[in-house]
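S.K.: Protein sequence lines correspond, in order, to chains A and B. For the first sequence, the working numbering begins at 1004 and goes up steadily by one. For the second sequence, the working numbering begins at 1004 and goes up steadily by one. Okay, here's the structure, questions in a sec.
Protein chains: 2
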Amino acid sequence: MAIENDMASCAAEAHPLPEGLLPAPLEVCERAAAIFRAMGDVNRLRLLSLLAKKELCVTELTELLEDNLPAISQRLRLLRSERLVRTRRRGKHVFYSLSDNHIAELIANGLAHGEEHEDDIA
Amino acid sequence: MAIENDMASCAAEAHPLPEGLLPAPLEVCERAAAIFRAMGDVNRLRLLSLLAKKELCVTELTELLEDNLPAISQRLRLLRSERLVRTRRRGKHVFYSLSDNHIAELIANGLAHGEEHEDDIA
DNA sequence: CAATCAGTTGGTTGATTGATAAATTGTTGT
DNA sequence: ACAACAATTTATCAATCAACCAACTGATTG
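Following this line, the structure appears as structure tokens:
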């Protein structure tokens, strides 16, 4: 009753909050969230799962994923805007690959987790 | 004109596509994409960045993130529905923690990448 | 330089999503 | 049982996003 104006008390009683306990910096979270968001779509992730194995051009991706070319191109565009993939022009073809190993690891880890919990869907 | 029904020819010329080159199974991608999607939001990721350090209750998270409690609770609900976090009731308080080390690694990796590319935002 | 192939861009539409506030459930202490 | 606190739920609204089709650019070949 005497300490009801101390808003932090309830939490402090439950656990003494360490001073240094802070969320990751906002800018870092924004960047990381942008990467995750870009990976957080089935079609884009399937694209990435292929690029994780091999550099591929838009036409090849279109065939492997059995989709139409503009759709693939749009997804690649978004992935490139978030710097998850790189492009390299070779004659008529534009080849896409993952921009760095860090991205490759994130994709591999995510897919690995997806395999473990495959039963969650059914 | 004579070969216009052979759709694969153009890509085959650019690169001989390995037989075994297939995207990750659809179900795996769906599950992995769902995880990434859940992480792909700044507010949820900040939540996760805290839970990666320590188990915390909703009230504590509300204070640390300086937001209102229902908002935090909603985000936690989504994270729980995707099985990224676990709950444990202790008296009046519900404590949240990451559901497993795999998730913790993904978060750590994502944030690490976010730190590297902090300059991308400015 | 015209024709064709490879890829991108723009605009629209329908579906998801996140924020907010209000009402409700669950828990403890008196 | 009641009051006070902790957390969830529900509903609604605005914003964001992905799919789709059409038009366009850029590069190569005849």
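Yeah, the Cβ is synthetic: ideal placement off N, Cα and C, and Gly gets one too. Computed from a prediction, not measured in an experiment: that's the story for all the values here.
Got a sec: does the ligand HEM put a non-hydrogen atom nearer than 7 Å to the Cβ of MET1042 of chain A?
M.R.: The ligand HEM is absent from the structure shown, which contains no ligand whatsoever.
S.K.: How about ASN1112 of chain B: is its C-beta nearer than 8 Å to some C-beta of chain A?
M.R.: The sequence position of residue 1112 of chain B within the second sequence is 109, counting from 1. Yes - at least one Cβ of chain A is within 8 Å of the one on ASN1112 of chain B.
S.K.: By DSSP's criteria, THR1090 of chain A is part of a beta bridge. Which residues make up the other side?
M.R.: The sequence position of residue 1090 of chain A within the first sequence is 87, counting from 1. DSSP output for THR1090 of chain A lists A:TYR1099 as bridge partner(s).
S.K.: Can you find a CB in chain B that lies within less than 8 Å of the CB of LEU1082 of chain A?
M.R.: Here residue 1082 of chain A is taken as the residue at index 79 of the first sequence, counted from 1. Chain B, which has no Cβ nearer than 8 Å to the Cβ of LEU1082 of chain A, makes this no.
S.K.: Buried or exposed: which applies to ILE1006 of chain B, given that a residue is buried once 16 or more other Cβ atoms fall within 10 Å of its Cβ?
M.R.: For the purposes of this step, residue 1006 of chain B is identified with residue 3 of the second sequence, where counting begins at 1. Summary for ILE1006 of chain B: the model assigns pLDDT 32, below 50, so the residue's position carries little reliability, and this model does not support an answer.
S.K.: Per DSSP, what kind of secondary structure is MET1004 of chain B in: helix, strand or coil?
M.R.: Mapped onto the second sequence, residue 1004 of chain B falls at position 1. Because the pLDDT at MET1004 of chain B is just 32, under 50, the model does not fix this residue reliably, and the value given afterwards should be weighed accordingly. In this structure, MET1004 of chain B counts as coil in the three-state DSSP scheme.
S.K.: Check whether chain B comes within 8 Å of ARG1049 of chain A, counting only Cβ atoms and requiring the distance to be less than that.
M.R.: On the first sequence, position 46 is the one that residue 1049 of chain A refers to. Interface residue, yes.
S.K.: Quick one: measure Cβ to Cβ for VAL1061 of chain A and SER1076 of chain A, integer angstroms, because I've assumed they're closer than 8 Å.
M.R.: Start at 1 with the first residue of the first sequence, and residue 1061 of chain A comes out as number 58. Start at 1 with the first residue of the first sequence, and residue 1076 of chain A comes out as number 73. Between VAL1061 of chain A and SER1076 of chain A the beta-carbon gap is near 6 Å, inside 8 Å, which marks them as a contact.
S.K.: Report the partner residues of LEU1024 of chain B according to the DSSP bridge assignment.
M.R.: As a working mapping, residue 1024 of chain B is identified with position 21 in the second sequence. None, per the DSSP bridge assignment.
S.K.: Tell me which residues share the same chain as ALA1037 of chain B and place their Cβ nearer than 6 Å to its Cβ, disregarding the 5 neighbours each side in the sequence.
M.R.: Against the second sequence, residue 1037 of chain B aligns to sequence position 34. Result list for ALA1037 of chain B: GLU1085, in chain order.
S.K.: Where do the N-terminal and C-terminal ends of the alpha helix (DSSP H) with GLU1066 of chain A fall, by residue?
M.R.: Within the first sequence, the letter at position 63 stands for residue 1066 of chain A. Looking at the DSSP string, the run of the alpha helix (DSSP H) that includes GLU1066 of chain A is 1061-1068.
S.K.: At 9 Å on the CB atoms, spell out the chain B contacts of ALA1107 of chain A, in chain order.
M.R.: In the first sequence, counting from the first residue as 1, residue 1107 of chain A sits at position 104. Here the premise fails: no neighbours, minimum Cβ distance about 11 Å.
S.K.: Does chain A have any CB closer than 8 Å to the CB of ILE994 of chain B?
M.R.: The requested residue 994 of chain B is not part of the displayed model; chain B covers only 1004 to 1125.
S.K.: Does ARG1040 of chain B have its Cβ less than 8 Å from a Cβ in chain A?
M.R.: Looking up residue 1040 of chain B in the second sequence gives position 37. With 8 Å as the cut-off, ARG1040 of chain B counts as an interface residue toward chain A.
S.K.: Have a look at A:HIS1096, A:PRO1073, A:THR1090, A:GLU1063 and flag the residue whose alpha-carbon is nearest the alpha-carbon of LEU1024 of chain B.
M.R.: Position 21 of the second sequence, counted from the start, is the residue given in the question as residue 1024 of chain B. Selected option, being the one with the closest Cα: A:GLU1063.
S.K.: Under a three-way DSSP split, which group does ALA1055 of chain B fall into?
M.R.: Locating residue 1055 of chain B in the second sequence gives position 52, counting from the first residue. In the structure shown, ALA1055 of chain B sits in coil (DSSP, three-state: anything other than H, G, I, E or B).
S.K.: Nearest chain B C-beta to ASP1070 of chain A closer than 8 Å, yes or no?
M.R.: Taking the first residue of the first sequence as 1, we reach residue 1070 of chain A at position 67. No, ASP1070 of chain A lies away from the interface with chain B (no Cβ there is under 8 Å from its Cβ).
S.K.: Does the beta carbon of SER1102 of chain A sit closer than 8 Å to a beta carbon anywhere in chain B?
M.R.: Position 99 of the first sequence, counted from the first residue, corresponds to residue 1102 of chain A. No - not a single Cβ of chain B is within 8 Å of the one on SER1102 of chain A.
S.K.: Assuming the contact rule is C-beta atoms closer than 8 Å, TYR1099 of chain A and LEU1048 of chain A should be a hit. Round their C-beta distance to whole Å, please.
M.R.: Within the first sequence, the letter at position 96 stands for residue 1099 of chain A. Within the first sequence, the letter at position 45 stands for residue 1048 of chain A. That pair is no contact at about 14 Å.
S.K.: Taking only the alpha-carbon atoms, compute the straight-line gap between ARG1080 of chain B and GLU1119 of chain B and give it to the nearest angstrom.
M.R.: Taking the second sequence and counting its residues from 1, the one referred to as residue 1080 of chain B is at position 77. Taking the second sequence and counting its residues from 1, the one referred to as residue 1119 of chain B is at position 116. Near 30 Å, if we compare the C-alpha coordinates of GLU1119 of chain B and ARG1080 of chain B.
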